[in-house]
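To convert, note that position 38 of the sequence shown is 38 in full-length UniProt numbering; the numbers rise steadily by one, no gaps.
Encoded as structure tokens, the structure appears first; notes follow it.
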Amino acid sequence: MSETIRQLISEEDVDRKIREIGEQISRDYEGRQVHLICVLKGGVFFTCELAKRINVPVSLDFMSVSSYGDDTSSSGVVRIVKDLDESIEGKDVLIVEDIIDSGRTLSYLIEVLKQRKPSSLRLCTLLDKPERRVKDVKVDYVCFNIPDEFVVGYGLDYAQKYRNLPYIGVVEL
């Protein structure tokens with residue numbers, strides 16, 4: 001199986017947009033500390049770059065969630081594979097995700113985290129595919145809206161390959 005990768009968003013555009021979002025988050029959380037929750041594995045590249053560009057105090061934790069069921073099913077089961085290491089009660093929490101498409105996983109995750117009583121809970125994503133949305137989720141910070149194509153790079157993978165690309169590309173089989 002051989003695939004090629006067509007560049008969709010350049011490394012320079014990704015860097016510029018992350019800087020802009022980091023500045024916006026810094027303004028929005030001025031005078032407070034923001035607690036980033038990185039959704040593994042894909043979110044780690046974006047989370048690290050974003051954290052470097054936020055100018056208010058930042059703390060960081062990680063979660064890993066797994067979805068079961070295919071995209072055509074209305075009832076997929078979401079399971080927490082790795083939970084947070086510390087409590088988020090009373091914290092200003094920002095979930096950081098690499099991509100949001102159907103919204104099923106994030107909808108579930110948001111409900112779980114709300115029950116843990118954070119002071120505030122917002123969502124930031126590198127990529128958003130709003131046309132694929134089946135669950136309504138409010139995304140507070142979006143770097144790029146993209147078309148419904150299979151993308152890789154900047155943490156996103158195809159069969160565990162291409163996560164390390166410094167740009168966003170489309171897999172062409």
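Backbone N, C-alpha and C define an ideal beta-carbon position, used for all residues, glycine too.
Bear in mind the structure is a predicted one, so any value in this text is a computation, not a measurement.
Can you tell me which residues form a DSSP beta bridge with residue i?
{"i": "Q7", "result": "G169"}
Roughly how many angstroms lie between the CA atoms of residue i and residue j, to the nearest whole one?
{"i": "T47", "j": "S2", "result": "30 Å"}
{"i": "S75", "j": "I21", "result": "Below a pLDDT of 50, predicted positions are generally treated as unreliable, and S75, at 47, falls in that range; the measurement from the model is reported next regardless. Whole-angstrom Cα-Cα distance: 33 Å."}
{"i": "D83", "j": "L113", "result": "11 Å"}
{"i": "E12", "j": "Q115", "result": "38 Å"}
{"i": "R122", "j": "K41", "result": "19 Å"}
{"i": "Q24", "j": "K138", "result": "17 Å"}
{"i": "V81", "j": "S64", "result": "5 Å"}
{"i": "R132", "j": "R19", "result": "27 Å"}
By Cβ distance, which residues of its chain are closer than 8 Å to residue i, with the 5 residues on each side in sequence left out?
{"i": "I5", "result": "V152, G153, Y162, L165, G169, V170, V171 and E172"}
{"i": "P118", "result": "H35, I88, E89, G90, K91, D92 and V93"}
{"i": "V96", "result": "L36, I37, C38, V39, G43, F46, T47, L50, C124 and T125"}
{"i": "residue 260", "result": "Only positions 1 to 173 of the chain appear in the structure, and residue 260 is not among them; the question remains open."}
{"i": "K52", "result": "G22"}
Counting only the same chain and skipping the five closest in sequence on each side, list residues whose C-beta sits under 7 Å from that of residue i.
{"i": "N55", "result": "S26"}
{"i": "N145", "result": "D128 and P130"}
Is the Cβ of residue i closer than 8 Å to any Cβ of chain C?
{"i": "D128", "result": "You won't find chain C in this structure, because it holds only one protein chain."}
Leaving out the 5 sequence neighbours to the left and right, which residues in its chain are closer than 6 Å to residue i when beta-carbon positions are compared?
{"i": "S10", "result": "Y167"}
Could you tell me which whole alpha helix (DSSP H) segments of length 4 or greater appear in the UniProt domain "Phosphoribosyltransferase" (15-158)? Within the UniProt domain "Phosphoribosyltransferase" (15-158), the runs of alpha helix (DSSP H) at least 4 residues long that lie entirely inside it are, in chain order, 43-52 and 104-114.
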